Amino acid sequence: MTDVVAAPAAVVTVAHGRGELPGWRLLLRRPTFIAGAAILLFWVVCAVFGHIIAPQDPLAQQLLATNKAPSAAHWFGTDQLGRDVFSRVIVGARSILVISVFATLLGTVAGTALGLAMGYLGGVVDILAGRIVEAVLALPLLVVAFLFLVALGPSPLTIIIVIGFVFTPLIARTVRSAVLVERQQDYLASARLLGENRTYIMFVEILPNVLAAVLVEFTVRLGYAIFTVASLSFLGFGVQQPTPDWGADINANYGVLPAGYWWMTLFPALAIASLVIAINLVTDSIEQVLAS
Amino acid sequence: MATYVLKRLGLALVTLWLLSVIVFFASQVLPGDPGRAILGNLAAPSAVAALDHQLGVDRPLLVQYWTWVTGLLHGNMGTSYTFRAPVEPYISAALVNSIKLAALAFVIVVPLGILGGVVAALNYGRAADRVISVAGLSATTVPEFVSGIVLIVVFGVALKVLPVSASAGTGASAASQLQHLILPAIPLVLVLFGYIARMARAGTIEALNSDYARTAILKGLKRSVVIRRHILRNSLLPTITVIATQTGYLIGGLVIVETLFNYQGIGNLIFKAATSKDFPMLAAGVLVIGVVYMVATLIADVLYTVLNPRLRLGGAE
């Protein structure tokens with residue numbers, strides 16, 4: 002009996018152990034992955050060491066040098082309060098990355114736990130959670146986030162909780178279908194026959210085998226999170242001035258766009274665009290490698 | 377078929393009820409004291425209490441919810457705190473404006489997205505496919521206000537060929553209105569393009585690999601005939617559903633685009649209601665958005681069934 006139990010489990014772990022190494026090599030051969038990862042790495046470095054890299058203090062106002070066009074002294078020009086736009090773009094990487102990553106992590110952890118429960122326990126848990134997914138999906142993400150931010154008051158923590166809350170059922174749905182596939186496997190029947198308890202089976206037996214699905218879901222959701230966080234801070238619900246933040250800086254300056262002061266909004270906008278495109282190049286590459 | 381539609385309609389009504397509960401609690405209950413929110417921190421407690429009584433928000437929650445829902449069923453969506461007037465005229469005027477903008481975006485993106493997806497599929501694995509797929513994916517993930525700003529900078533500020541504001545003013549001609557709506561429509565087009573192209577591409581690839589496509593080619597039909605008669609008809613079925621479900625994303629996008637271009641649509645209306653704490657207006661606006669989204673999804677499901685002969689002819693049971 003023990004032999005029969007051990008064999009499938011061993012096969013599964015070996016297959017995974019071998020599958021991962023060539024996967025990473027395949028990724029590194031893709032130019033789209035290299036480009037995306039390089040841009041992403043650049044912004045992560047900016048988020049961590051932004052205050053050291055930035056040539057000037059992003060909060061320092063030079064009231065005699067407001068609305069200056071890009072020049073050698075100010076590469077990206079200055080904003081309406083005479084702050085260096087280049088330094089604000091560099092330092093501004095932090096807030097959007099921190100909020101998006103934490104929101105996605107929250108949604109992924111909660112969603113994975115819920116998905117494991119829905120898929121493995123089934124029954125009432127599955128039906129109840131399924132209904133909630135439907136109700137959350139009945140409104141666009143931005144409108145839900147917006148409704149709760151108005152009710153709870155705008156702050157980065159509220160954004161993390163609201164986005165994490167909305168992502169939870171979406172991620173749970175993906176994990177649930179991956180778990181349903183795993184349920185058919187022999188190793189689970191063996192685990193049950195061995196008398197292992199449900200929590201152990203869900204988190205120790207099933208979870209490692211659905212991790213690939215969770216990883217893809219995390220990167221896909223991270224892209225959506227950045228999209229939503231940027232949009233919400235553009236609407237004024239995120240990080241508040243004077244903290245440097247791409248969306249909030251655009252919100253503060255887009256009013257003077259028709260007057261020709263384009264640099265204070267265009268550069269943060271391009272920063273957001275480069276970040277979301279980088280995430281997508283990485284996500285797309287991971288998906289392609291996993292699919293092949 | 378009729379049973380299916382009725383079943384879908386029943387489910388939609390349940391979701392609608394859930395939606396009304398969510399909207400009611402998020403917009404009417406969570407904010408706390410509406411009287412305090414309207415009058416500000418300096419107002420006397422007695423004035424706040426009087427206003428709360430006048431607004432009816434000091435009554436039990438269930439009573440408030442009942443009054444609100446029965447009002448909705450009678451076509452009474454509430455009284456705006458800001459305008460001190462019924463919200464319906466504001467909502468309907470804004471909705472008409474939003475529909476104009478959304479319609480323009482759809483008219484551009486649907487043929488473009490399908491064309492992009494089909495071209496990518498016909499060039500499967502080649503450079504054209506990679507370019508369309510990666511560009512579509514990137515366009516989809518760039519937030520609307522980001523692409524909107526790039527467009528304003530290029531066409532409005534640098535080239536000065538298109539107006540930067542979306543509203544043409546009252547009494548403007550249709551041509552002028554259209555001209556003002558071009559720039560705001562493009563960010564919506566960019567976001568939707570990727571989804572539609574991706575779906576059309578997947579559907580076309582599936583149809584290309586099917587037995588009937590191989591048979592059609594082997595019996596000597598011209599490539600263009602095979603594509604038009606055998607492939608497109610089958611590949612576009614899933615695309616139709618995606619187009620309808622994209623209405624949800626489109627509405628989220630409208631909040632952003634209408635704010636950026638200062639256009640008096642439903643998105644801008646709920647944004648302004650939210651920032652000025654005009655909760656009845658906010659609740660009514662969000663509910664209308666939810667209803668529009670649900671109707672679109674319902675139409676998509678029914679359309680899918682009608683267009684798919686296997687489902688239409690009773691296979692669905």
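Residue numbers (the working numbering), protein chains in the order written: chain A, 2 to 293; chain B, 377 to 693. Think of the CB as a built atom: it goes at the ideal place given N, C-alpha and C, for glycine as much as any other residue. Remember, it's a predicted structure, so these values are computed and weren't measured experimentally.
Note to self: Does the distance between the C-beta of A/Leu271 and the nearest non-hydrogen atom of the ligand MN fall short of 6 Å?
What the structure shows: Annotation note on the ligand MN: not contained in the displayed structure, which lists no ligands.
Do you know offhand how far B/Tyr639's Cα is from A/Leu223's? 30 Å
ask   = Taking C-alpha atoms, which residue in B/Leu679, B/Leu674, B/Val565 and B/Ser468 lies nearest to B/Lys383?
value = B/Leu674
query = DSSP beta-bridge partners for B/Thr455?
reply = B/Pro462
Kindly indicate which residue of B/Val618, B/Leu394, B/Leu427 and B/Leu437 has the alpha-carbon position closest to the one of B/Arg460.
B/Leu427
| request: List the residues of chain A whose Cβ lies closer than 8 Å to the Cβ of B/Tyr625, in chain order. | output: Pro141
_Using 8 Å for Cβ pairs, my map puts A/Pro141 next to A/Trp264. What's the rounded Cβ distance?_
In fact, because the Cβ distance is near 32 Å, the residues do not count as touching under 8 Å.
Original post:
Is the beta carbon of B/Thr580 less than 7 Å from the beta carbon of B/Val494?
Top reply: yes
**Message:** Please tell me whether A/Ile97 has its Cβ less than 7 Å away from any Cβ of chain B.
**Reply:** no
Hey, how far is the Cα of B/Leu535 from the Cα of A/Tyr262?
14 Å
Check: Got a sec? Which residues, its chain only, sit under 7 Å from B/Leu557 by beta carbon, not counting five neighbours each side?
Finding: Lys476, Leu477, Leu480 and Ala542
For A/Gly108 versus A/Ile172, is the C-beta distance shorter than 7 Å? yes
- When the cut-off is 7 Å and only beta carbons count, does A/Trp44 lie next to chain B? no
*asked:* Suppose contacts are defined by Cβ-Cβ distances below 7 Å. Is A/Ala48 in contact with A/Arg95 by that definition?
replied: yes
Original post:
What separation, rounded to the nearest whole angstrom, lies between the Cα atoms of A/Phe77 and A/Val45?
Top reply: 20 Å
Under three-state DSSP, which class holds B/Thr379? helix
### Query
Is DSSP giving A/Thr79 helix, strand or coil here?
strand
Notebook entry, point to check: Which bits of chain A does B/Ser514 rub up against, with CB to CB less than 7 Å?
Noted result: Ile278 and Asn281
Review point. Can B/Thr391 and A/Asn281 be called in contact, C-beta distance under 7 Å?
Key: no
Short check: CB of B/Gly628 to CB of B/Glu634, under 7 Å? no
Practice item. Output the distance between the C-alpha atoms of B/Thr681 and B/Ala496, rounded to the nearest integer angstrom. Key: 27 Å
- Query: Starting from A/Asn210 and walking both ways along the alpha helix (DSSP H), at which residues does that stretch end?
  - Reply: Leu208 to Phe235
Checklist entry - Is B/Asp587 helix, strand or coil by DSSP? => result helix
Alpha carbon to alpha carbon, how far is A/Glu183 from A/Asn210?
8 Å
Less than 8 Å between the CB atoms is what I'm expecting for B/Ile572 and B/Ile508, so what's the real figure, rounded?
Contact doesn't hold; Cβ gap of about 12 Å is too wide.
Within the continuous alpha helix (DSSP H) that includes A/Asp85, where are the two ends?
It is not in any alpha helix (DSSP H) - A/Asp85 carries neither H nor E in the DSSP assignment.
* Asked: Hey, A/Glu218 and A/Thr175: beta-carbon distance below 7 Å or not?
  -> yes
Quick check: the Cα distance between A/Val255 and B/Leu636, rounded to an integer number of angstroms?
As written in the sequence, residue 255 of chain A is Tyr, which differs from the Val given in the question. Rounded to the nearest angstrom, the two C-alpha atoms are 8 Å apart.
For A/Leu27 and A/Thr14, the rounded distance between their alpha carbons:
Below a pLDDT of 50, predicted positions are generally treated as unreliable, and A/Thr14, at 40, falls in that range; the measurement from the model is reported next regardless. Roughly 20 Å between the two C-alpha positions.
Am I right that A/Leu150 and A/Leu233 are in contact with their C-beta atoms under 8 Å? What's the rounded C-beta distance?
7 Å
- Message: One question on the structure: do B/Val485 and B/Leu568 come within less than 7 Å of each other, judged by their Cβ atoms?
- Response: yes
Next on the checklist: Using 8 Å as the cut-off, can you tell me whether the stretch 57-64 of chain A makes contact with the stretch 74-90 of chain A, which would need three or more C-beta pairs spanning the two stretches below that distance?
Outcome noted: yes
- Query: What's the gap between the Cα of B/Val526 and the Cα of B/Ser600?
  - Reply: 38 Å
The alpha helix (DSSP H) with A/Met203 in it runs from where to where? Looking at the DSSP string, A/Met203 is not in any alpha helix (DSSP H), and its letter there is neither H nor E.
Contiguous alpha helix (DSSP H) assignments of at least 4 residues, all confined to the stretch 609-682 of chain B:
642-651
- prompt: If you run the structure through DSSP and keep just helix, strand and coil, what is A/Tyr188?
  reply: helix
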